[in-house]
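Notes follow once the structure below has been shown.
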């Protein structure tokens, strides 16, 4: 990976505590434009907290985060959040709005009305039928809802997509299909993507770069290939060992 | 059944007043509760304090809460001027609005607290400002729960509004209190059925709105809202449609004699071309302050009551000296005018049943002292707090085994059923003769005299004309005539209405 372009995201000595617990303990990191980064770690490792410092759902105790060269602390909050697509595990569709209204909410907040064609286009991006537009979220399956969640995140044409355990609540088949879809969209729409997940398999299969967090610090920063070759240290290899063992057993069973 | 139906048909005015009062109280409650609920959703401390306050208010009996607003508003007159009403609509509105706070506040705060945190995070995540989050997400999602709270508040308020009668606000409580007074169960039932019916209708309509909000069917919630608005508007129109004429307001305390005399005064004034209305069921202390502050225009009060309770005097001068002193005191303290004595006395007297009198030979209160430790005394709810009772008790050294409170109308029943051996009877009460009761003599003159006198408020419109119209009543009513009139509305069978009893009393007095 050659780092010539200016980074889309830069973290400098980022710190965050909740009471006596230090969730993030001085993380410094640069994510260049166009990269698909997976942030992997166990529960409580600080990965979600680190992600949320970008769109300031979490306020920093120390350090700084730069988005396209500008310190996020100095950006107007609603505008910052509208420029950053955000998808998360509990999906958070507004239950009193239709699918179309949910997708159009970001532009609506900025005073723009999203055309019907654009809604249809966004639905097509996430492989949903146009007819879904007028349904309420409670008439959709879990997978369909998260597809709408992704469409909503993309409606404002963001250059950065943040995903916090986006597929955690979905069944394995849906999860795989939606993961593939998002990876394709990442390329087609020229996005920079940061995905938090506790699932190393997902990280290895989707990401260009895997960051492993433990106790508030980044303990490994490798390509999937390098991780599979055994690099990245003990914690990372502990996480890689699980899918590797599963793959070997499956291969044996198939023989 | 047809009696009740008849009585209910006569309640249109009270129903309209009830609707206006309840709707205004709920609207005020909502207006107060919603901003507090929004603030509370941003601050747990505010939520705690607001809910504790609303719960505290809820523990005060509605009747007491209504009564408490009289002194509160009276003291606020120093800030807002003498024009601030202390009885009637304003205190009823404030008390009922406070009462409506709790269910609305609790539901609104609970709804906010139970919003899906994922949805709230999404609202932040898509870049909503605080105001946008409130308007686009929190308010629409909380609306059905808040509406459920408003619905509960409406049912409570419509029920509690019947108590507004006691502070001089017209409501569906009027027939209930008048009926309780005279054991006219038809009137009581008519009032209860009307207010319960109103509560059910309001509940159903607000329920429709709630359902519309919950299922996001705008036509349903709008339809419900329109019907509610039309009902309130119709009530408002009927209440304020004919209010250009200045009515003279005649007050009455909580017993039959007062209701009858108020009607008699009203009939005299109507005969002279005045428009009148009645504020019935006022507490004794409230009634005097009401006339002194101009909340009502005319009241029949009793010399001994003013002497001991308002003037705090404990001596018992003769009737002329007492009347002169009261006239001067009223003129100096508030400007209230004493028109004169009606002619009869309604004294407190201790009464025993004829059977008790025969068995024990008791004739005077002094005789009672030795029997008292084995007896139960019954009094109206104010009696044992009144200075007259304390004076009599101490003058004769009375120590009863037990003292019990009864509504005036039930006191006589208590004596007959043996639940009380002695009661604080009123000497003009027709039931004394009808039940064959013995009034015990007061040889030490511990009870003052209680001549009925007519009081006119300081700011009454056209005092000369009103005085002239009422002058024929002065000295015209003797105690026999008053007893008969009282009995005609209090007896079990063949009851007269207050209006009819007043008409007959007027005829007998030669008017």
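Residue numbers (my numbering), protein chains in the order written: chain A, 2 to 256; chain B, -13 to 497. Glycine is no exception: its CB is placed at the ideal position from the N, C-alpha and C atoms.
- By the 16-neighbour rule on beta-carbons within 10 angstroms, residue 19 of chain A is exposed.
- The Cβ of residue 108 of chain B sits closer than 7 angstroms to at least one Cβ of chain A.
- In the assembly as shown, residue 205 of chain B is an exposed residue. Its beta-carbon has fewer than 16 other beta-carbons within 10 Å.
- Listed in chain order, the alpha helix (DSSP H) elements of length 4 or more contained wholly in the region 319 to 349 of chain B are 340 to 346.
- When secondary structure is reduced to three states using DSSP, residue 239 of chain B falls in the strand class.
- Within the same chain, 172 come within 8 angstroms of residue -11 of chain B by CB-CB distance, once the 5 residues on both sides are set aside.
- CA-to-CA, the gap between residue 221 of chain A and residue 213 of chain A works out to about 5 angstroms.
- The beta-carbon distance between residue 36 of chain B and residue 26 of chain B, rounded to whole angstroms, is 5 angstroms. This is short enough to meet the 8 angstroms contact definition.
- Using a Cβ-Cβ cut-off of 7 angstroms, residue 105 of chain B counts as an interface residue toward chain A, since at least one Cβ of chain A sits closer than that to its own.
- By the neighbour-count criterion, in which 16 or more other beta carbons inside 10 Å mark a residue as buried, residue 472 of chain B falls on the buried side.
- Boundaries of the alpha helix (DSSP H) harbouring residue 163 of chain B: 159 to 168, taken from the DSSP string.
- Take the alpha-carbon of residue 162 of chain B and the one of residue 149 of chain B: they are about 9 angstroms apart.
- Going by DSSP, residue -6 of chain B is part of the alpha helix (DSSP H) stretching over -12 to -5.
- Listed in chain order, the non-local C-beta contacts of residue 171 of chain A below 7 angstroms within the same chain comprise 143, 144, 147, 179, local neighbours out to five positions each way being set aside.
- B:364 is the residue among B:415, B:470, B:364, B:375 whose C-alpha sits nearest the C-alpha of residue 403 of chain B.
- Proximity of residue 97 of chain A to chain B, defined by a Cβ-Cβ separation below 7 angstroms, is satisfied.
- In this structure, the CA atom of residue 207 of chain B is about 47 angstroms from the CA atom of residue 446 of chain B.
- For residue 87 of chain B, there are no C-beta contacts with chain A under 9 angstroms, since the nearest C-beta of that chain is about 27 angstroms from it.
- Under the DSSP assignment, residue 210 of chain A falls in the beta strand (DSSP E) whose first and last residues are 210 to 215.
- Per DSSP, reduced to three states, the secondary structure at residue 33 of chain A is strand.
- Exclusion of the five residues before and after residue 107 of chain A leaves 83, 156, 157 as the residues of its chain whose Cβ lies within less than 6 angstroms of its Cβ.
- In terms of Cα proximity to residue 123 of chain B, the closest of B:45, B:135, B:100, B:143 is B:100.
- For residue 93 of chain A, a Cβ of chain B is located within less than 7 angstroms of the residue's own Cβ.
- In the DSSP assignment, residue 398 of chain B falls within the unbroken alpha helix (DSSP H) covering 394 to 403.
- Contact between residue 85 of chain A and residue 38 of chain A does not hold, since their C-beta atoms are separated by about 14 angstroms, which reaches or exceeds 8 angstroms.
- Between residue 381 of chain B and residue 430 of chain B, the C-beta gap is smaller than 7 angstroms, which places the two residues in contact.
- Nearest to residue 72 of chain B by C-alpha distance, out of B:279, B:368, B:327, B:337, is B:279.
- If you check each beta-carbon in the region 208 to 239 of chain A against every beta-carbon of chain B, none falls closer than 9 angstroms.
- By the rule that beta-carbons nearer than 7 angstroms mark a contact, residue 106 of chain A touches chain B.
- One alpha carbon belongs to residue 33 of chain B, the other to residue 13 of chain A, and they sit about 39 angstroms apart.
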